[in-house]
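**Q** Numbering follows full-length UniProt numbering, in which position 31 of the sequence shown is assigned residue number 31; successive positions increment by one, without gaps.
For every residue, glycine included, the Cβ atom is placed at its ideal position computed from N, Cα and C.
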Amino acid sequence: MRTRPDLTPSSLPLVPDPLAAAVYDDLIDVIGGTEHVLFGFDGPLCRPGPPAAVWPTPYADPLVRTLAAVGTGLAVVGGASPAAVRAYLAGRGLAGCFGARVYGDLGTALASLDARPSASLLIGATPGDVTAAREAGVAFLGYGRDERGAEPLRRAGARWVLPSLEPVLTAVRSAARRSAGTYASGGNASGTGAAGTPAEQRT
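1. In terms of residues, what are the limits of the alpha helix (DSSP H) holding Y59?
2. Using beta-carbon positions only, say whether T163 and A176 come within less than 8 Å of one another.
3. Kindly indicate which residue of L63, R173, R145 has the alpha-carbon position closest to the one of L74.
4. Could you tell me the alpha carbon to alpha carbon distance between G71 and R148, rounded to whole angstroms?
5. What did DSSP end up calling G124 once you bin it into helix, strand or coil?
6. Where does R155 land, buried or exposed, given buried means 16+ other C-beta within 10 angstroms?
7. Measuring only the C-alpha atoms, how far is R178 from P82?
8. Between G96, E135, A111, A60, which lies nearest to G43 when the distance is taken from Cα to Cα?
9. Considering just the uninterrupted stretch of the beta strand (DSSP E) at V85, what are its terminal residues?
10. Indicate the three-state DSSP secondary structure (helix, strand or coil) for G96 in the structure shown.
If you want it as structure tokens, here you go:
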């Protein structure tokens, strides 16, 4: 198995659209080696706006559910007040995936989760997220649904910026299949694994 690729903002090449095969393989490897995924609230989970007007980011809900189903620790970092974030998650049926893990900043989240930075991934949408990931030594994946959102992330040093979370969801499912296949070949008679969970079928 290849070493988990370095996705810190200073090292990751810009991902073309559509994803090149080699880069997509790297994304699968990163997901497969990630123990915790931390989401920025505005952008990665929902489109910014007043609490009453927030709209879910496409593919965010199934991505969260699939990550939770395969055993990845999840948290929300920054964004609106914790109460507003929890209310949004409850309204989307995602509260059980995150529990009480809503934090004001990345450092507090890592400490509270006892998470290893080298095995954590921040999905963010602001230049501040890029800086926080770099300073913490956490892999960073930028979400910019259009050029206006993506360019500030690149200027801040994020060299991997995706316009959609769909490739991330696909990578999670592919990584789960790889893991399940490895486990099955090692003696799992049933052949079941994370890739066979119901969450994989959700859209």
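**A** Quick answer:
1. Reading the sequence shown from its first residue, position 59 is the one you call residue 59. Element bounds for Y59: n/a, residue is neither H nor E.
2. On the sequence shown, residue 163 is found 163 positions in, with the first residue counted as 1. On the sequence shown, residue 176 is found 176 positions in, with the first residue counted as 1. Per the sequence presented here, residue 163 reads as Pro, with Thr not at that position. Cβ atoms of P163 and A176: not closer than 8 Å.
3. The count along the sequence shown starts at 1 and reaches residue 74 at position 74. Among L63, R173, R145, the Cα nearest to that of L74 belongs to L63.
4. Along the sequence shown, one-based indexing puts residue 71 at 71. Along the sequence shown, one-based indexing puts residue 148 at 148. Between G71 and R148, the C-alpha separation is close to 34 Å.
5. For this step, residue 124 is matched to residue 124 along the sequence shown. It is a strand residue.
6. Locating residue 155 in the sequence shown gives position 155, where the first residue counts as 1. With fewer than 16 Cβ atoms within 10 Å of its Cβ, R155 is classed as exposed.
7. Working through the sequence shown from its first residue, we reach residue 178 at position 178. Working through the sequence shown from its first residue, we reach residue 82 at position 82. Cα-Cα distance, rounded: 35 Å.
8. For this step, residue 43 is matched to residue 43 along the sequence shown. Selected option, being the one with the closest Cα: A60.
9. Residue mapping note: residue 85 aligns to position 85 of the sequence shown, counting from 1. Premise fails: V85 lies in the alpha helix (DSSP H), 82-91, not in any beta strand (DSSP E).
10. Here residue 96 is taken as the residue at index 96 of the sequence shown, counted from 1. When secondary structure is reduced to three states using DSSP, G96 falls in the helix class.
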